[in-house]
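Residue numbers (my numbering), protein chains in the order written: chain D, 1 to 122; chain S, 1 to 286; chain C, 1 to 294.
Just so you know, even glycine gets a beta-carbon here, dropped at the ideal spot from N, CA and C.
Here the structure comes first, spelled out in structure tokens, and everything after it is commentary.
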Amino acid sequence: MKIVIPVDEKTLESDVCASFGRTPYFLIHDTETKESVFIDNSAAASTGGAGIKAAQTIVDNKANVLLAPRCGENAADVLKSADIKIFKTTSASAKGNIDDFIDGKLSLLDEIHAGFHGQVGN
Amino acid sequence: MRIAVLSGKGGTGKTLVSVNLAAVAKASTYIDCDVEEPNGHLFFKPKKVQYEEISVKIPKVNNELCNGCRKCVDFCKFNALAYIKNKLIVFDEVCHFCGGCIMLCPEKALTEEEKVIGKVQKGTSDEVTIYTGILNTGEASGIPIIKQLLAEKNLEANKQTFIDCPPGSACIVMESIKDADYCILVAEPTLFGVHNLNMVYELVKLFNKPSGVVLNKCLEEENPAEKFCLEKNIKILGRIPFDTNLGALNSNAEIAVSKNEKYQDMFSSLLKTVTKEVQHETTTNP
Amino acid sequence: MKQLLILSGKGGTGKTTIASAFIKLADAKAYADCDVDAPNLHLITGWNAEPEKIDYYGLPKAGINTELCIECNQCRQNCRFDAISIDKKYKVDPFACEGCGVCEAVCPVGAVSLKPAVAGELMLYANEGKVFSTAQLKMGSGTSGMLITEVKKQVKSAAVDAHLAIIDGSPGIGCPVIASLSGVDMVLIVAEPSISGISDMERIINTAAKFGTKTVVCINKYDTNIGNTEKIEEFCKKQGLAFMGRIPFDSGAVKAINNGQTIVDIDCASGTAVKTIYNKTMKLLFEGGGGLRS
Numbered sequence: 001m002k003i004v005i006p007v008d009e010k011t012l013e014s015d016v017c018a019s020f021g022r023t024p025y026f027l028i029h030d031t032e033t034k035e036s037v038f039i040d041n042s043a044a045a046s047t048g049g050a051g052i053k054a055a056q057t058i059v060d061n062k063a064n065v066l067l068a069p070r071c072g073e074n075a076a077d078v079l080k081s082a083d084i085k086i087f088k089t090t091s092a093s094a095k096g097n098i099d100d101f102i103d104g105k106l107s108l109l110d111e112i113h114a115g116f117h118g119q120v121g122n
Numbered sequence: 001m002r003i004a005v006l007s008g009k010g011g012t013g014k015t016l017v018s019v020n021l022a023a024v025a026k027a028s029t030y031i032d033c034d035v036e037e038p039n040g041h042l043f044f045k046p047k048k049v050q051y052e053e054i055s056v057k058i059p060k061v062n063n064e065l066c067n068g069c070r071k072c073v074d075f076c077k078f079n080a081l082a083y084i085k086n087k088l089i090v091f092d093e094v095c096h097f098c099g100g101c102i103m104l105c106p107e108k109a110l111t112e113e114e115k116v117i118g119k120v121q122k123g124t125s126d127e128v129t130i131y132t133g134i135l136n137t138g139e140a141s142g143i144p145i146i147k148q149l150l151a152e153k154n155l156e157a158n159k160q161t162f163i164d165c166p167p168g169s170a171c172i173v174m175e176s177i178k179d180a181d182y183c184i185l186v187a188e189p190t191l192f193g194v195h196n197l198n199m200v201y202e203l204v205k206l207f208n209k210p211s212g213v214v215l216n217k218c219l220e221e222e223n224p225a226e227k228f229c230l231e232k233n234i235k236i237l238g239r240i241p242f243d244t245n246l247g248a249l250n251s252n253a254e255i256a257v258s259k260n261e262k263y264q265d266m267f268s269s270l271l272k273t274v275t276k277e278v279q280h281e282t283t284t285n286p
Numbered sequence: 001m002k003q004l005l006i007l008s009g010k011g012g013t014g015k016t017t018i019a020s021a022f023i024k025l026a027d028a029k030a031y032a033d034c035d036v037d038a039p040n041l042h043l044i045t046g047w048n049a050e051p052e053k054i055d056y057y058g059l060p061k062a063g064i065n066t067e068l069c070i071e072c073n074q075c076r077q078n079c080r081f082d083a084i085s086i087d088k089k090y091k092v093d094p095f096a097c098e099g100c101g102v103c104e105a106v107c108p109v110g111a112v113s114l115k116p117a118v119a120g121e122l123m124l125y126a127n128e129g130k131v132f133s134t135a136q137l138k139m140g141s142g143t144s145g146m147l148i149t150e151v152k153k154q155v156k157s158a159a160v161d162a163h164l165a166i167i168d169g170s171p172g173i174g175c176p177v178i179a180s181l182s183g184v185d186m187v188l189i190v191a192e193p194s195i196s197g198i199s200d201m202e203r204i205i206n207t208a209a210k211f212g213t214k215t216v217v218c219i220n221k222y223d224t225n226i227g228n229t230e231k232i233e234e235f236c237k238k239q240g241l242a243f244m245g246r247i248p249f250d251s252g253a254v255k256a257i258n259n260g261q262t263i264v265d266i267d268c269a270s271g272t273a274v275k276t277i278y279n280k281t282m283k284l285l286f287e288g289g290g291g292l293r294s
């Protein structure tokens, strides 16, 4: 399965990024091949709807599970439609969270916040 | 005659000035464009109230016609569309209602649906007609409401119209002053007040709007806002002294000119000055 | 690092006056001004150095190449924002343009294109372990939400050792406020005892509640209307919002601010009152506590 986690830097030692929608990168870890790849999050530069675009990106990259500290409702809606479950990260280390997830130590993220809809008409 | 009242900084007295000027002008129109936090209606307590819902057009998808080409998802600059498991999802709150996706869909799978984002309340108080714009909480932009508030049908030619603007100088303020004939800038005598007065002065200049300043909450000390006006050669329309009685009336949402002759005289005099200024401006710069 | 955001709903209640006092009392190493439309905090935080400035690009704006334009009017007809007009030639009003791209898509000759547009400027003051992040949105711009996110990102990444960040917010309940609420640990609402102030306070409390942010309240200029002050305190009790205290109206505050000082730099009634509120707020922020709506 493919585990996705938002990260601040393109390294395995990176911290988990506090934001899902505007994270600079995603780390995608394949539990079968044990390989990890990093992809850029183009949504970070969006003026609005970042959560939606970020979610679309990980769906397009065939993610099965997302590990994140929090998630807004728009992104959560996209992920729900794609049957991607969200688990709450518990520490700062991206690698630590992946290991914890594999060991079954993480629980589902159930507080979805209403989002920061950063759009404004001009 | 459309007079916009703005300030840059919040809390300087836009509503105090616009409400009292409208009240003292008697047969006038008061329009509250501060749709996020409208307050004028709290003072007027309008009667014979009618509501008009304001809605925007949101795309709606017919999934049977959609073939998953994702042209709409790729086009949308606001990320309001997502294509997941062969279904198109539309995110209303992020949509800017530009109509682009509907236009571009090669299968005609997208149509428009109305979504209510707020309302315009119309009422009267004595001879004043009051229009209040109210944005629903959670909605991000009040621009469509302001567009409706300032529609031609609300602006009667021979009545004086006072437009109470939102604070700041962002897009929502620009929308409020777009069709104004004159702008009254309300300034308070503080460092912050002058900083923001400067911003909003630049804004009205950019829009080529004639303007003047009302100095509010004036104390005996040197007034940095007054200094600014003198330096920039900006017309000072009037000075409202710092007055705890006026403050108390205002904090209880009472219209000062109706409660005390002193304030009636003060605002009548201000109205006269403003009217003269506006007439002068419209004859010299039509 | 704990983040405290100061909001009000209504403008002019005293957010910046109180934020600056808190910054002084905490000797805060990290603070930010998220009122990007009308930033004021830099006027009393006494930085002498010039900040590092970065252009902020907001929504791209459309531009028409009049040499390619065949005046077919497709762009103007299809623009939902009335941003295209004819003044001898076709042109786009950059203030009305929302960067949607419809004009670019419908133009048969490729005369319209979207170009990045500077919508503001990010500023970072940094010296001796202290950082101050602020920004100025260009007049008439939208997209303040994203700029605010940048301001907060800036303070977070620049403040390495700080355990507290104080954020001065903006008035209103719309997008700029919503963007400021992201990731903060607590919101302090500065209320004003007027009917307008109460109405606006209720709307901002509703907005903060939608994001599940811990909210506490204080009243500024409380003695301008004791009746309304009591109403606000009653409201807080009913809603389960912790009440931090009252600050009297104080002409000394105006004097201090106009001198570029905070109210705790001089000896005045509001300064004394804000110290109590500061202590109570910090205790709750760092030690937590019951009776708060979360």
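Where residue i and residue j are concerned, what is the direct C-alpha to C-alpha distance, given to the nearest angstrom?
{"i": "residue 254 of chain C", "j": "residue 158 of chain C", "result": "32 Å"}
{"i": "residue 248 of chain C", "j": "residue 183 of chain S", "result": "33 Å"}
{"i": "residue 26 of chain C", "j": "residue 186 of chain S", "result": "34 Å"}
{"i": "residue 257 of chain S", "j": "residue 73 of chain D", "result": "48 Å"}
{"i": "residue 9 of chain D", "j": "residue 41 of chain D", "result": "12 Å"}
{"i": "residue 159 of chain S", "j": "residue 262 of chain S", "result": "25 Å"}
{"i": "residue 292 of chain S", "j": "residue 35 of chain S", "result": "With chain S covering only 1 through 286, there is no way to say anything about residue 292 of chain S."}
{"i": "residue 181 of chain C", "j": "residue 272 of chain S", "result": "45 Å"}
{"i": "residue 264 of chain C", "j": "residue 229 of chain S", "result": "30 Å"}
{"i": "residue 60 of chain C", "j": "residue 116 of chain C", "result": "4 Å"}
{"i": "residue 92 of chain D", "j": "residue 17 of chain D", "result": "8 Å"}
{"i": "residue 151 of chain S", "j": "residue 199 of chain S", "result": "27 Å"}
{"i": "residue 48 of chain C", "j": "residue 156 of chain C", "result": "22 Å"}
{"i": "residue 41 of chain C", "j": "residue 114 of chain C", "result": "34 Å"}
Closer than 7 Å, CB to CB, is residue i near chain A or not?
{"i": "residue 94 of chain D", "result": "Considering every chain present, this structure includes no chain A. Its protein chains are D, S and C."}
Which residue comes first and which comes last in the alpha helix (DSSP H) that contains residue i?
{"i": "residue 27 of chain S", "result": "Note, residue 27 of chain S: premise wrong, no alpha helix (DSSP H); not H, not E."}
{"i": "residue 263 of chain C", "result": "Element bounds for residue 263 of chain C: n/a, residue is neither H nor E."}
{"i": "residue 17 of chain C", "result": "15 to 26"}
{"i": "residue 175 of chain C", "result": "175 to 181"}
{"i": "residue 74 of chain D", "result": "73 to 81"}
{"i": "residue 201 of chain S", "result": "191 to 206"}
{"i": "residue 16 of chain D", "result": "It is not in any alpha helix (DSSP H) - residue 16 of chain D carries neither H nor E in the DSSP assignment."}
Kindly give me the distance between the Cβ atoms of residue i and residue j, rounded to whole angstroms, as I take these residues to be in contact under 8 Å.
{"i": "residue 18 of chain S", "j": "residue 167 of chain S", "result": "Not really, about 13 Å apart at Cβ, beyond 8 Å."}
{"i": "residue 103 of chain C", "j": "residue 78 of chain C", "result": "7 Å"}
{"i": "residue 5 of chain C", "j": "residue 184 of chain C", "result": "4 Å"}
Measuring alpha carbon to alpha carbon, tell me which residue in the options is nearest residue i.
{"i": "residue 248 of chain S", "options": "C:251, C:239, C:265 and C:194", "result": "C:194"}
{"i": "residue 63 of chain D", "options": "D:82, D:11 and D:46", "result": "D:82"}
{"i": "residue 175 of chain S", "options": "S:266, S:152, S:142 and S:225", "result": "S:142"}
{"i": "residue 137 of chain S", "options": "C:283, C:168 and C:178", "result": "C:178"}
{"i": "residue 135 of chain C", "options": "C:153, C:129 and C:127", "result": "C:153"}
{"i": "residue 35 of chain D", "options": "D:111, D:100 and D:11", "result": "D:11"}
{"i": "residue 123 of chain S", "options": "S:87, S:48 and S:277", "result": "S:48"}
{"i": "residue 79 of chain D", "options": "S:152, S:85 and S:111", "result": "S:85"}
{"i": "residue 90 of chain D", "options": "D:15, D:69 and D:77", "result": "D:69"}
{"i": "residue 279 of chain S", "options": "S:181, S:218, S:242 and S:237", "result": "S:181"}
{"i": "residue 224 of chain S", "options": "S:246, S:197, S:250 and S:62", "result": "S:197"}
{"i": "residue 106 of chain S", "options": "S:120, S:114, S:70 and S:189", "result": "S:70"}
{"i": "residue 55 of chain C", "options": "C:123, C:167, C:268 and C:131", "result": "C:123"}
{"i": "residue 170 of chain C", "options": "C:164, C:189 and C:163", "result": "C:189"}
Among all the DSSP beta bridges, which residues are the ones paired with residue i?
{"i": "residue 269 of chain C", "result": "In the DSSP output, where bridge partners are listed per residue, residue 269 of chain C has none listed."}
{"i": "residue 186 of chain C", "result": "C:4"}
{"i": "residue 40 of chain D", "result": "D:25"}
{"i": "residue 87 of chain C", "result": "C:89"}
{"i": "residue 238 of chain S", "result": "S:214"}
{"i": "residue 168 of chain C", "result": "C:6 and C:33"}
Considering just the uninterrupted stretch of the beta strand (DSSP E) at residue i, what are its terminal residues?
{"i": "residue 184 of chain S", "result": "182 to 187"}
{"i": "residue 75 of chain S", "result": "Counting along the chain, residue 75 of chain S falls outside any beta strand (DSSP E), though it belongs to the alpha helix (DSSP H) covering 71 to 75."}
{"i": "residue 216 of chain S", "result": "211 to 218"}
{"i": "residue 53 of chain S", "result": "47 to 61"}
{"i": "residue 123 of chain C", "result": "118 to 127"}
{"i": "residue 56 of chain C", "result": "52 to 57"}
{"i": "residue 6 of chain D", "result": "2 to 7"}
{"i": "residue 289 of chain S", "result": "No answer is possible for residue 289 of chain S: the residues shown for chain S start at 1 and end at 286."}
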